[in-house]
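Under the UniProt record's numbering, the first residue of the sequence shown is numbered 1, with each subsequent residue one higher.
From the three backbone atoms N, C-alpha and C, an ideal C-beta is built for every residue, glycine too.
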Amino acid sequence: MLLWKGRIPRLTDKRNLFICLAVVSLVAYSSLFSKCIARRVHGAFLVIQTTTEKPPRSDSGDVDKKRIGVEHRAPVAEYQSVVQLIPLWSGPDPQNDTYKNESSKYRLLENQSLRPLRRLPDALVIGVKKSGTRALLEFLRIHPDVRAAGSEVHFFDKYYHRGFAWYRKKMPPTLDGQITMEKTPSYFITKEVPLRVKQMNPKTKLLIVVRDPVTRAISDYTQAASKKKNRNGMKSFECLAFVKDTGFSVVDTTWGPVRIGVYARHLSKWLKHFPLERMLFVSGERLIADPALEMARVQDFLGLKRVITEKHFYFNATKGFPCLMKSEGRPTPHCLGKTKGRNHPYIDAQIVKRLRDFYRPFNYRFYQMTGMNFGWP
Ligand SMILES: Nc1ncnc2c1ncn2[C@@H]1O[C@H](COP(=O)(O)OS(=O)(=O)O)[C@@H](OP(=O)(O)O)[C@H]1O
1 MLLWKGRIPR LTDKRNLFIC LAVVSLVAYS SLFSKCIARR VHGAFLVIQT
51 TTEKPPRSDS GDVDKKRIGV EHRAPVAEYQ SVVQLIPLWS GPDPQNDTYK
101 NESSKYRLLE NQSLRPLRRL PDALVIGVKK SGTRALLEFL RIHPDVRAAG
151 SEVHFFDKYY HRGFAWYRKK MPPTLDGQIT MEKTPSYFIT KEVPLRVKQM
201 NPKTKLLIVV RDPVTRAISD YTQAASKKKN RNGMKSFECL AFVKDTGFSV
251 VDTTWGPVRI GVYARHLSKW LKHFPLERML FVSGERLIAD PALEMARVQD
301 FLGLKRVITE KHFYFNATKG FPCLMKSEGR PTPHCLGKTK GRNHPYIDAQ
351 IVKRLRDFYR PFNYRFYQMT GMNFGWP
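Here is the structure:
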């Protein structure tokens, strides 16, 4: 406005200097502000195309974690549009309860720019149902470098159509160097799962807990019976395990609890997609008898420092199982929940023997395939 009057402003003039400073700061401030807005808008949403089922992978075959949620192509439900809006920020959701619980732990880290991110799993406990999979995961969670989804995610068998972005959101936030894990025991017996896991990352480490298939079948039956409202209406284990009217001589291989125990059959499907080196077979029996020893094997396999040792366990005589001195969420001694370590119904010795005879050749085949003798009777 001074120029309007044909006068050149002099910087020595206090009033003009003040006006100049005000204009400069206004320009600088508004430029900073618009950058912030732009970054926020860009950060809030990212348009991605989702047309095929392949997750992102780097040239080496590793899932490229940085690109997940940015360019990766996840399975799409039929009713979805091919264009999806996916939040770019994959860290904890501040509105979410899980985040609120963990917030104090992570706020400090965030402030230090060590931002935890949700990542696809590096290792999976794929089975076997009723063999000790929960015990294994809870024991592993003691380790500071392991973070695992609390409940079974069932992504690869039930919710695959929801895509990898959905799966990643189910994972806990982890820091660089921490291993992300989840356990869903039905993965081991679902035929589509091995290829899907391989497509996510062929280097995924697979943990398989196995237990004497006869005890496992009885445990499976006990769980099913415990869920029935009318237990008297449920057939006995013997009736279900053998083909009707054969005098308990022909094992019913179509019954789930029997079929699951033919480990060699299920394993052969996994071996078509993963080499044996990517798998660790954990003995369900040893996990009870000597948890520290079995956990040493597990930590070695996962490339972890041996942090979980004898001092983390105590034997609870009432429960009849090893329990934990403390865990991720509980600082005091405790056992697994009451759905773990149930009392099994009495099964006649002849019935047990018949089942053992049935499983023996399959067990030997399994020992040959894994190179481990589990010593089941
Ligand atoms: N420490 C400890 N505490 C309690 N229970 C233990 C433990 N270690 C292994 N187990 C055995 O785990 C069996 C349950 O196996 P899963 O956790 O794989 O079951 S499930 O598939 O997740 O439902 C469970 O089977 P049941 O005894 O039939 O209940 C246990 O035998």
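* Please classify Val262: is it buried, with 16 or more other beta-carbons within 10 angstroms of its beta-carbon, or exposed? => In the sequence shown, the residue the question calls residue 262 occupies position 262. Label assigned to Val262: buried.
* Is the closest heavy atom of ligand 1 to the C-beta of Ser131 under 6 Å? -> Within the sequence shown, residue 131 is the residue found at index 131, counting from 1. The answer is yes for Ser131.
* Do Asp145 and Ser186 have their C-beta atoms within less than 7 Å of each other? -> On the sequence shown, residue 145 is found 145 positions in, with the first residue counted as 1. On the sequence shown, residue 186 is found 186 positions in, with the first residue counted as 1. It is not a contact, given that the beta carbons lie outside the stated cut-off.
* **Touching by the beta-carbon criterion (3+ pairs, under 8 Å), the region 171-184 and the region 119-137** => yes
* Where Phe358 and Phe313 are concerned, what is the direct C-alpha to C-alpha distance, given to the nearest angstrom? -> Here residue 358 refers to the residue found at position 358 when the sequence shown is read from its first residue. Here residue 313 refers to the residue found at position 313 when the sequence shown is read from its first residue. Near 36 Å, if we compare the C-alpha coordinates of Phe313 and Phe358.
* Asked: Expressed to the nearest angstrom, what Euclidean distance is found between the alpha-carbon atoms of Tyr364 and His344?
  -> Your numbering for residue 364 matches position 364 in the sequence shown. Your numbering for residue 344 matches position 344 in the sequence shown. Going from the Cα of Tyr364 to the Cα of His344 covers about 26 Å.
* Beta-bridge pairing of Gly127 - partner residues as DSSP gives them -> Numbered from 1 along the sequence shown, position 127 holds the residue referred to as residue 127. Answer is Ile208, bridged to Gly127.
* Asked: Out of Arg330, Gly303, Val298, which has the shortest C-alpha to C-alpha gap to Leu137?
  -> In the sequence shown, the residue the question calls residue 137 occupies position 137. Of the listed residues, the one whose Cα sits closest to Leu137 is Val298.
* Are the Cβ atoms of Arg231 and Ala224 separated by less than 7 Å? -> Looking up residue 231 in the sequence shown gives position 231. Looking up residue 224 in the sequence shown gives position 224. Taking 7 Å as the Cβ cut-off, Arg231 and Ala224 do not qualify as a contacting pair.
* Quick one: residues in its chain with C-beta nearer than 7 Å to the C-beta of Leu267, no 5 flanking neighbours on either side, listed in chain order? => Position 267 of the sequence shown, counting from 1, holds the residue named residue 267. Counting only Cβ-Cβ distances below 7 Å, and skipping sequence neighbours, we find Phe366, Met369.
* Asked: Roughly how far, in whole angstroms, is the beta-carbon of Pro322 from the beta-carbon of Ile288, given that I think they are within contact range, below 8 Å?
  -> In the sequence shown, the residue the question calls residue 322 occupies position 322. In the sequence shown, the residue the question calls residue 288 occupies position 288. Right, their Cβ atoms sit about 6 Å apart.
* For the beta strand (DSSP E) that contains Ser283, what are its first and last residues? -> The residue labelled residue 283 in the question sits at position 283 within the sequence shown. Taken as a continuous stretch (DSSP letters only), the beta strand (DSSP E) holding Ser283 covers 279-283.
* To do: Apply the 10 Å Cβ neighbour rule to Val258 and answer buried if 16 or more other Cβ atoms are within range, or exposed otherwise.
  => Position 258 of the sequence shown, counted from the start, is the residue given in the question as residue 258. Flag for Val258 reads buried.
* Contact belief for residue 379 with Arg356 at Cβ below 8 Å, rounded distance in angstroms -> Residue 379 lies beyond the residue range present for the chain, which begins at 1 and ends at 377; the question has no answer from this structure.
* Asked: Is the beta carbon of Ala292 within less than 6 Å of some heavy atom of ligand 1?
  -> By 1-based counting over the sequence shown, the position of residue 292 is 292. Checking the Cβ of Ala292 against ligand 1 gives no.
* Say the cut is 6 Å; is the CB of Gly247 nearer than that to a heavy atom of ligand 1? -> In the sequence shown, the residue the question calls residue 247 occupies position 247. Checking every heavy atom of ligand 1 against the Cβ of Gly247, none is found closer than 6 Å.
* Cα separation between Pro172 and Ala241? -> Position 172 of the sequence shown, counting from 1, holds the residue named residue 172. Position 241 of the sequence shown, counting from 1, holds the residue named residue 241. Taking the straight line from one Cα to the other gives about 39 Å.
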